[in-house]
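Everything on this sheet refers to the single structure shown next.
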Amino acid sequence: MEFFSRYKNALVLIAVLLAQTIALAVQVRRAPDAAEPDSHQVRLLRLWVTSLVTPFARTAHFVGSGVRGGFSNYVALWHVRQQNQELRDRLAAMRMEQAEQVEDVMQGHRLQAMLHFREQYVGGSVVAQVIATSGTDQSRMLLLDKGADAGLKPEMAVVTPDGVVGKLRDVFPHSSQLLLLNDQSSGAGVILASTRLRAIVKGTPTGRLQIGNLTADSRIQPGEKVLTSGGDQVFPRGLPVGTVESISPDPEHQPYTSIRVRPAANLSQLEEVLVITELQSELPGQAQEDLKEAEAKHLADVAAAKAGQPLPSQAAPALGRGLDLSGGVPEPLGAAGETKVQAPPPEKAPGGLVPKPIPALRPDRYSPGVTPPAVDLTPGASHAPVSPPAPARQPESQEAPR
Amino acid sequence: MSLAAPAPRPQLSDEKFSPAKLTSVQYGIVLLLAVLVAGLWRLQVLGSSNWKVLAEANRVRKVPVLAPRGKIFDREGRLLVDNYPSVTCYLLPEQIKDMATELPMIASGLHLPIEQLEATMKRFQGAPKYQPIPLKQDISPDEQAFIEAHRNELPELETHDEQRRLYPKDGFAAHLIGYVGEVSEQMLATDSRYAFYSPGDVVGRSGVEQTYDALLRGVDGSRDVLVNSHGKEVGHLGQELATPGKDLRLTIDLDVQRAAEKAMDGKTGALVAMDPHTGEILAMVSRPSFDPNQFSVRLTKSYWNQILNNPDHPLLNKAIQAQLAPGSTFKIIMSLAGLQEGMAQTMHVFCAGGASFYGHFYACDVHHGMVDLPHAIPWSCDAFFYTLADRLGIDTIARYATEVGLGQHTGIDLPDEVSGNVPSTAWKLKTQHEKWFAGETISVGIGQGAVTATPIQLARALSGIASGGVLRRPHVVFPDEVPADQLTAIHESFPGSGDKTIQVSPENWQIITDAMANATNPSAGGTASIAHLDGIDFAGKTGTAQVMGHDALAKSGGGHKTVPNAWFVGMAPRRNPDIVVAVLWENGNWGKYSALIGAQIIDTYVNKQRSRDNNLRIAENPKPAPAPTPSAPPGTPVAGAAGQRTPAAE
Numbered sequence: 091m092e093f094f095s096r097y098k099n100a101l102v103l104i105a106v107l108l109a110q111t112i113a114l115a116v117q118v119r120r121a122p123d124a125a126e127p128d129s130h131q132v133r134l135l136r137l138w139v140t141s142l143v144t145p146f147a148r149t150a151h152f153v154g155s156g157v158r159g160g161f162s163n164y165v166a167l168w169h170v171r172q173q174n175q176e177l178r179d180r181l182a183a184m185r186m187e188q189a190e191q192v193e194d195v196m197q198g199h200r201l202q203a204m205l206h207f208r209e210q211y212v213g214g215s216v217v218a219q220v221i222a223t224s225g226t227d228q229s230r231m232l233l234l235d236k237g238a239d240a241g242l243k244p245e246m247a248v249v250t251p252d253g254v255v256g257k258l259r260d261v262f263p264h265s266s267q268l269l270l271l272n273d274q275s276s277g278a279g280v281i282l283a284s285t286r287l288r289a290i291v292k293g294t295p296t297g298r299l300q301i302g303n304l305t306a307d308s309r310i311q312p313g314e315k316v317l318t319s320g321g322d323q324v325f326p327r328g329l330p331v332g333t334v335e336s337i338s339p340d341p342e343h344q345p346y347t348s349i350r351v352r353p354a355a356n357l358s359q360l361e362e363v364l365v366i367t368e369l370q371s372e373l374p375g376q377a378q379e380d381l382k383e384a385e386a387k388h389l390a391d392v393a394a395a396k397a398g399q400p401l402p403s404q405a406a407p408a409l410g411r412g413l414d415l416s417g418g419v420p421e422p423l424g425a426a427g428e429t430k431v432q433a434p435p436p437e438k439a440p441g442g443l444v445p446k447p448i449p450a451l452r453p454d455r456y457s458p459g460v461t462p463p464a465v466d467l468t469p470g471a472s473h474a475p476v477s478p479p480a481p482a483r484q485p486e487s488q489e490a491p492r
Numbered sequence: 018m019s020l021a022a023p024a025p026r027p028q029l030s031d032e033k034f035s036p037a038k039l040t041s042v043q044y045g046i047v048l049l050l051a052v053l054v055a056g057l058w059r060l061q062v063l064g065s066s067n068w069k070v071l072a073e074a075n076r077v078r079k080v081p082v083l084a085p086r087g088k089i090f091d092r093e094g095r096l097l098v099d100n101y102p103s104v105t106c107y108l109l110p111e112q113i114k115d116m117a118t119e120l121p122m123i124a125s126g127l128h129l130p131i132e133q134l135e136a137t138m139k140r141f142q143g144a145p146k147y148q149p150i151p152l153k154q155d156i157s158p159d160e161q162a163f164i165e166a167h168r169n170e171l172p173e174l175e176t177h178d179e180q181r182r183l184y185p186k187d188g189f190a191a192h193l194i195g196y197v198g199e200v201s202e203q204m205l206a207t208d209s210r211y212a213f214y215s216p217g218d219v220v221g222r223s224g225v226e227q228t229y230d231a232l233l234r235g236v237d238g239s240r241d242v243l244v245n246s247h248g249k250e251v252g253h254l255g256q257e258l259a260t261p262g263k264d265l266r267l268t269i270d271l272d273v274q275r276a277a278e279k280a281m282d283g284k285t286g287a288l289v290a291m292d293p294h295t296g297e298i299l300a301m302v303s304r305p306s307f308d309p310n311q312f313s314v315r316l317t318k319s320y321w322n323q324i325l326n327n328p329d330h331p332l333l334n335k336a337i338q339a340q341l342a343p344g345s346t347f348k349i350i351m352s353l354a355g356l357q358e359g360m361a362q363t364m365h366v367f368c369a370g371g372a373s374f375y376g377h378f379y380a381c382d383v384h385h386g387m388v389d390l391p392h393a394i395p396w397s398c399d400a401f402f403y404t405l406a407d408r409l410g411i412d413t414i415a416r417y418a419t420e421v422g423l424g425q426h427t428g429i430d431l432p433d434e435v436s437g438n439v440p441s442t443a444w445k446l447k448t449q450h451e452k453w454f455a456g457e458t459i460s461v462g463i464g465q466g467a468v469t470a471t472p473i474q475l476a477r478a479l480s481g482i483a484s485g486g487v488l489r490r491p492h493v494v495f496p497d498e499v500p501a502d503q504l505t506a507i508h509e510s511f512p513g514s515g516d517k518t519i520q521v522s523p524e525n526w527q528i529i530t531d532a533m534a535n536a537t538n539p540s541a542g543g544t545a546s547i548a549h550l551d552g553i554d555f556a557g558k559t560g561t562a563q564v565m566g567h568d569a570l571a572k573s574g575g576g577h578k579t580v581p582n583a584w585f586v587g588m589a590p591r592r593n594p595d596i597v598v599a600v601l602w603e604n605g606n607w608g609k610y611s612a613l614i615g616a617q618i619i620d621t622y623v624n625k626q627r628s629r630d631n632n633l634r635i636a637e638n639p640k641p642a643p644a645p646t647p648s649a650p651p652g653t654p655v656a657g658a659a660g661q662r663t664p665a666a667e
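Below you can see the structure in the form of structure tokens.
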């Protein structure tokens, strides 16, 4: 007993150190929990620390935003009536616009169905508040106030009405970490809206967005919209990512260009975000019915076309890669081919058709009977022109260089 | 008693830590500090430079920047070979945290069957853990996006950018252009040309890609990248830019090549078209062909087996590597020998469907009657050339055959040319330690027996004879495209008879070329009458070469492989021609069928030249001659016709 009382301070110190060492060991070697498949991604110590910090962060954020919100609400109240009228007008205008666009949407779906394209639609989402930012300069992460209890899972896409923000990295019981799109470990599959070029947008160490896997293409212009392509299996297709800001050659990664993208969402000042929790590959009910109708109509069209004229054959998918040099551009010699194939050939020998050369206008060095006798020729020399070339060719110009 | 009672605690501590003990502890601490200071001194002062270098090396990584390979164009600057950026996905086995959950994710993201993924990993099981495993080449943008978007979840996936070659489709000019591949261990160890290459470097493995590898490949650069403790890139210090490879312009004329590819479609053999004035190769085809694009990505096993099991050897460039009996095309060289020796001018032979020599009857296809040289060439009378061969003797024949370039490399700037064979008494003594029998000379006279030649050799020999004795080194790249020192090196590494002039008297030149013009003349009964070109001075010589002796043929019981090879060599115009064509159609049965192929090439070429000169009936409305495309360097002749375009140029 005396021993413990005498060395109390030392023992407490040892106990704390021991506890820390064990905690470190646990952090490094913690077996994955079978019940929660994602649990192995979150280290226990971080979980404890995050759980401890989250209530404080949440409270601080609530108080801060409450004070700010209360003031701005008071100010906003002054204009509410006027704003309400404006919004009603806009809603009406939007309804009109929507009616116009429905037709286009239907056509789009029909075309996609014809191409056996599988679109993914946002099925469900959860609104989350940003309650803290990460401390380091290198990583761009935010802490959200919703976690596994709200149905969040790692890898879920996070968006705002403006555009894509990032995806969830680690998910804790009551909070989660959002990895921003401009973090250097982030990446997303994108498509350039007008040129339909597929590319990958990545974060840079300085926190910018950049496309680095496209070769120089004069069609890409600043201001071009960049949308998600859906190919990365994280972000649903067609969400705005940003706009092309500048294009410059990248001497370090020849032959690629470096394309800087301005994010559509304001990544540095995020407060409220949407986490997409569910994707569905099917359209809502009414749209499905319409689609079926459209398909039936399309099939009828095809049947009608088959009965009458054959449809123009679609370009066969390229079986292999390679430059096509075999036929291609009609040469001025194309006419020679025509004269060859017209009328059945007089003798069809295994070597091919008997060529029928196009007659020459005037004798030239290839004409029979104009080759001079050998005594008049220099061995190996080119022939002199037999007759002057066509007079049609004008002399180049009076002030031709000497 | 009470006074005597001691104050317990201070006394106790005094007892515990006696001054001596305290002093020793103090010295102990001082010693400890001294050791620490010494250690600090050693690290910070004595070894600082060394540690600094090591730390920098840990922090800064040199990343190679690969130079894009030069593109390849035809003589008019039309693109033949391009590059395309391609991405390969690698797996770092040491980064895998949980195989069971991550493997299905990778499989779905990369669109690979999971079994294939497991098989790949199994294959690399013995390899060191840090060695990346190539999972998939040429991945799609979507797959690349998947990898980038899962950097945190799947850190084991890595992508590498590569430049791949984009070759023409369907094996178009594949043998001529060649393909690239990784330099092999064997090449690194044995070939001095690859002394400065390291394993994994991509080099030309055949054709122009191999010969001109040094020009095409450029110089790789490097980048000094700053990495953090996890090896991730956080910035970069400096860089050395890569120097792109030089673009190369070939002497190939795409239009002529196209015609040649089309004419040889579905056949086995080779075709060479050459400009005799310069030795520029205008077209070169070998069949069957292969798809070099398959070689540019990792070759699939099935495609490789398909190539290996093809009895017609698709990888062989038959234009320079098929050494076969030239058949009756050899009679041109026989004629040259006979005329230059002064023997053939007055020679008349009676052909009764053959002739007897040394107690053996040698057959001719037709009963020709009395034949002289001007008729023996167009009719391809064997009896005449048997007699001529017998009179000349094998060594005279061998001398002339060697003079026009047979039995030796032509020196064309393509790898692995073979030399063919010109038999002689010395040759037989050396190789078979036997005396030459006079009877063997008879079949050599018609290009059978031990004489073998390649299409390129025959094209060059005919070029020489039809140009009055001026022989050129055949080449596929314009010499002015290559720096002088490299040109010398290339000429040295492709030794051959090169440029030379042989003695051909004008009379003999005229006799041979006029007789060859009659070969395509129906009214003269030439063997190539079927290939007559109206309005074009087209001359040639057919050859039908048996692939096995009569006895062997009788035993073999027939079959496609016993059908004779069909040869043809032709040119236009007949003297000082602008184009010479040599056609080899293996098992093509009759030389006249190859003549048809040759005629198509000549027709295409002459039509092209005439259309440039506005000299075609269909081109009544004169069109400006097509200017050389901007990518073609200025001041280079276009299609060998520059000299004839304006009167002033001549």
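Top to bottom, those sequences are chains A and B.
Under my numbering, the first residue of the first sequence is numbered 91, with each subsequent residue one higher.
Under my numbering, the first residue of the second sequence is numbered 18, with each subsequent residue one higher.
Backbone N, C-alpha and C define an ideal beta-carbon position, used for all residues, glycine too.
Note that this is a predicted model, so its numbers are computed, not measured.
Residue burial classification, residue i (beta-carbon count within 10 angstroms, cutoff 16)
i: B:Asn326; result: exposed
i: B:Gly652; result: Note that B:Gly652 has pLDDT 39, beneath the 50 cutoff, so the model's placement of it is unreliable and no number is given.
i: A:Val170; result: exposed
i: B:Val52; result: exposed
i: A:Thr296; result: exposed
i: B:Glu132; result: exposed
i: A:Ala289; result: buried
i: B:Tyr229; result: buried
i: B:Gly376; result: exposed
Same chain, Cβ closer than 6 Å to residue i, neighbours up to 5 away in sequence not counted
i: B:Tyr214; result: Val200
i: A:Thr223; result: Leu232
i: B:Gly605; result: Ala583 and Ser611
i: B:Leu232; result: Lys263
Residue i - partner residues in DSSP beta bridges
i: B:Tyr44; result: B:Tyr44 pairs with nothing; no bridge assigned.
i: A:Ile366; result: A:Ser215
i: B:Asp430; result: Per DSSP, none; premise fails for B:Asp430.
i: B:Lys558; result: B:Val586
i: B:Pro102; result: B:Gln180
i: B:Asp292; result: B:Glu297
i: B:Leu108; result: B:Ile150 and B:Leu174
i: A:Gly293; result: A:Leu299
Contact check, residue i vs residue j, beta carbons under 8 Å
i: A:Gly253; j: A:Gly332; result: yes
i: B:Pro432; j: B:Gln227; result: yes
i: B:Gln425; j: B:Gly513; result: yes
i: A:Asp340; j: A:Gly302; result: yes
Which listed residue (the options) has its alpha carbon closest to that of residue i
i: B:Tyr184; options: B:Ile337, B:Pro110, B:Gly87 and B:Ala336; result: B:Gly87
i: A:Ser308; options: A:Gly320, A:Leu299 and A:Thr285; result: A:Thr285
i: A:Arg259; options: B:Arg168, B:Arg59 and B:Ile89; result: B:Arg168
i: B:Ala476; options: B:Gln154, B:Glu170 and B:Ile350; result: B:Ile350
i: A:Ala283; options: A:Glu245, A:Val249 and A:Pro330; result: A:Pro330
Contact set for residue i: own chain, Cβ-Cβ below 7 Å, skip 5 residues either direction
i: B:Trp444; result: none
i: B:Gln617; result: Ala276 and Ala280
Close Cβ partners of residue i (< 8 Å) along its chain, the five nearest in sequence each way excluded
i: B:Asn538; result: Pro395, Ser546 and His549
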